[in-house]
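Scroll down for the structure; my scribbles are underneath it.
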Amino acid sequence: MATPSIDTILLDKTLAPELQQIAQKVQQGERISEAEGLLLFEKGELAYVGALANYIREQKHGNRTYFNRNFHLEPTNVCLYTCTFCSYSRLIKKRGEGWEYTMEDMLDIIKKYDDEPVTEVHIVGGVLPQYDLKFYTELFQNIRAHRPDLHIKALTPVEYHYIFKKGKVSYEEGMRLMKEAGLNSMPGGGAEIFHPEIRDQIAGGKCSGEEWLRIHEIWHELGMRSNATMLYGHIEEFKHRIHHMEELRKLQDKTGGFQTFIPLKFRNKHNQMSHVPESTTVEDLRNYAISRIYLDNFEHIKAYWPMIGRTTAQLSLTFGVDDIDGTIDDTTKIYTMAGSEEQTPALSTEQLVKLIRSVGRQAIERDTLYNVVTDFEGHVFEDDKKFRGYTALPVLN
Ligand code: V47
Ligand code: SF4
Numbered sequence: 105m106a107t108p109s110i111d112t113i114l115l116d117k118t119l120a121p122e123l124q125q126i127a128q129k130v131q132q133g134e135r136i137s138e139a140e141g142l143l144l145f146e147k148g149e150l151a152y153v154g155a156l157a158n159y160i161r162e163q164k165h166g167n168r169t170y171f172n173r174n175f176h177l178e179p180t181n182v183c184l185y186t187c188t189f190c191s192y193s194r195l196i197k198k199r200g201e202g203w204e205y206t207m208e209d210m211l212d213i214i215k216k217y218d219d220e221p222v223t224e225v226h227i228v229g230g231v232l233p234q235y236d237l238k239f240y241t242e243l244f245q246n247i248r249a250h251r252p253d254l255h256i257k258a259l260t261p262v263e264y265h266y267i268f269k270k271g272k273v274s275y276e277e278g279m280r281l282m283k284e285a286g287l288n289s290m291p292g293g294g295a296e297i298f299h300p301e302i303r304d305q306i307a308g309g310k311c312s313g314e315e316w317l318r319i320h321e322i323w324h325e326l327g328m329r330s331n332a333t334m335l336y337g338h339i340e341e342f343k344h345r346i347h348h349m350e351e352l353r354k355l356q357d358k359t360g361g362f363q364t365f366i367p368l369k370f371r372n373k374h375n376q377m378s379h380v381p382e383s384t385t386v387e388d389l390r391n392y393a394i395s396r397i398y399l400d401n402f403e404h405i406k407a408y409w410p411m412i413g414r415t416t417a418q419l420s421l422t423f424g425v426d427d428i429d430g431t432i433d434d435t436t437k438i439y440t441m442a443g444s445e446e447q448t449p450a451l452s453t454e455q456l457v458k459l460i461r462s463v464g465r466q467a468i469e470r471d472t473l474y475n476v477v478t479d480f481e482g483h484v485f486e487d488d489k490k491f492r493g494y495t496a497l498p499v500l501n
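For the sequence shown, position 117 matches number 221 in the working numbering, and the numbering has no gaps at all.
Given below as structure tokens:
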């Protein structure tokens, strides 16, 4: 699906004047206000927001579409928190049905990837008392010692808030210890919806929106990078999405430490919110587009294909998205449990490159920090040398 050009939008005499004005702002690279963001959600039709978002996306990245080769490590699928949207929380009452990996189990999983050209391990899962400050510092140290080139992207403020409180250390001290142990970056999870009106209903008990933001701020102050997410399409209203993105935009102005924003579509299977209908594909695409327009200080907008499916991921590339996650080989359990139809394991690198190219975009493999690894068109990048197994990259046709 092609989006109209921004010029078509600017010439459209039938468009409401306030939407015309937003289009002009976007063309001139100006920031839109909270009220304008809300107006986009309320009145912006798909083709209109798509045109604006695609304009920004192509100004920033041209046709380039990024992905990285990572794998997920989930210490446990049991969690003592009871987020109503999450399929992990329901297992706490029947704990025996879930898994709880030991240190040895986790390192065995890491070792399985020894001969794979992956650049990142993404560690995310439930919160349980045995996974404490000591456990995670040792885990990071062990991974670092075993495979120094593997980027460790791990845990969210939900875990950090819990383990620091339990370990009686401040956020500042805790994050410093994590950096020392080998943590490289933080994924964007646990953000859900920051506004307490919604957060208290769906994610009560775990770290607040302010605490989530504060932990990222401290991490950025240490010179480190992280991602941000937003879980949308459940009981929140448009104003809560704008509030969420506004908080992120403000923090990004302050620190510049966020790399990418990942809207996460709420999936309604096997959780306490199964009665809440899921958002439509049109709403998913509108949400990507408005995120791209609103978050002018975020370099990247990422689509998480295991959750939205491959076709919507392809479509999203003309609605503001410039990054696809990823060549994951076990289609993370959190989403298969929550109802994603993407049950098939893995997209091979070749399949992902083809998926991107088939909608006219250029596939670029990156590392976690967006250094280019290869474009699969025969170009060899200086940074390749840092990665094992990347010197003789295939040209994909
Ligand atoms: O925080 C849980 C979400 C997140 C459901 O930073 C659900 O690169 C939808 O944050 N429907 C964890 N979403 C995953 C995450 C992530 C994923 C990919 C890349 C990155 C990154 C981060 O999953 C949780 C929560 O918001 N989640 N249950 C559900 N039923
Ligand atoms: Fe636990 Fe995270 Fe699921 Fe909440 S979303 S129940 S904190 S795993």
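A virtual CB, placed ideally from N, CA and C, is assigned to each residue, including glycine.
Is it true that the CB of residue j sits closer than 7 angstroms to the CB of residue i?
i: residue 324; j: residue 364; result: no
i: residue 121; j: residue 226; result: no
i: residue 398; j: residue 349; result: yes
i: residue 342; j: residue 150; result: no
i: residue 188; j: residue 466; result: no
i: residue 138; j: residue 346; result: yes
i: residue 337; j: residue 383; result: yes
i: residue 261; j: residue 311; result: yes
i: residue 271; j: residue 245; result: no
i: residue 107; j: residue 173; result: no
i: residue 412; j: residue 354; result: no
i: residue 216; j: residue 472; result: no
Helix, strand or coil for residue i per DSSP?
i: residue 120; result: coil
i: residue 174; result: strand
i: residue 348; result: helix
i: residue 329; result: strand
i: residue 300; result: helix
i: residue 368; result: strand
i: residue 257; result: strand
i: residue 92; result: An answer regarding residue 92 cannot be provided, because it is not within the stretch 105 to 501 covered by the chain.
i: residue 264; result: helix
i: residue 211; result: helix
i: residue 377; result: coil
i: residue 153; result: helix
Which same chain residues, not among the five before or five after residue i, have their C-beta less than 7 angstroms away from its C-beta?
i: residue 437; result: Low local confidence applies: a pLDDT of 49 at residue 437 is under 50, so the model's placement there is unreliable, with the coordinate-based value given in what follows. For residue 437, where only same-chain residues beyond five positions count, the Cβ hits under 7 angstroms are 178 and 181.
i: residue 165; result: 426
i: residue 416; result: 385 and 388
i: residue 213; result: 177
i: residue 400; result: 135
Quick one: Cα of residue i to Cα of residue j, how far?
i: residue 328; j: residue 459; result: 32 angstroms
i: residue 154; j: residue 406; result: 15 angstroms
i: residue 334; j: residue 250; result: 33 angstroms
i: residue 259; j: residue 168; result: 29 angstroms
i: residue 206; j: residue 146; result: 48 angstroms
i: residue 464; j: residue 123; result: 29 angstroms
i: residue 140; j: residue 269; result: 39 angstroms
i: residue 470; j: residue 420; result: 19 angstroms
i: residue 159; j: residue 351; result: 24 angstroms
i: residue 183; j: residue 170; result: 32 angstroms
i: residue 219; j: residue 119; result: 56 angstroms
i: residue 283; j: residue 242; result: 12 angstroms
i: residue 254; j: residue 129; result: 41 angstroms
i: residue 468; j: residue 456; result: 10 angstroms
i: residue 109; j: residue 477; result: 31 angstroms
i: residue 265; j: residue 318; result: 10 angstroms
i: residue 403; j: residue 161; result: 9 angstroms
i: residue 330; j: residue 315; result: 15 angstroms
i: residue 305; j: residue 299; result: 10 angstroms
i: residue 361; j: residue 374; result: 35 angstroms
Which residues in the same chain have their Cβ closer than 6 angstroms to the Cβ of residue i, if we skip the five residues on either side of it in sequence?
i: residue 186; result: 193
i: residue 96; result: The structure shown does not extend to residue 96, since the chain spans only 105 to 501, so no value can be given for it.
i: residue 114; result: 127
i: residue 307; result: 187 and 296
i: residue 248; result: 286
i: residue 116; result: none
i: residue 526; result: Nothing can be reported for residue 526: it is not among the residues displayed for the chain, which extend from 105 to 501.
i: residue 390; result: 150 and 153
Sort out for me which residues DSSP pairs residue i with in a bridge.
i: residue 466; result: 168
i: residue 285; result: Its beta-bridge partners do not exist; DSSP assigns none.
i: residue 429; result: 408
i: residue 224; result: 174 and 255
i: residue 476; result: 470
i: residue 180; result: 204
i: residue 335; result: 368
i: residue 362; result: 330
i: residue 290; result: 330
Using a beta-carbon distance below 7 angstroms, is residue i in contact with chain D?
i: residue 275; result: This model lacks chain D altogether, as it is built from one protein chain only.
Excluding the 5 residues flanking residue i on each side, which residues of the same chain have their C-beta closer than 8 angstroms to its C-beta?
i: residue 392; result: 157, 367, 405, 407, 420, 423, 424 and 425
i: residue 111; result: none
i: residue 303; result: 296, 297, 312 and 313
i: residue 326; result: 279, 280 and 283
i: residue 381; result: 372
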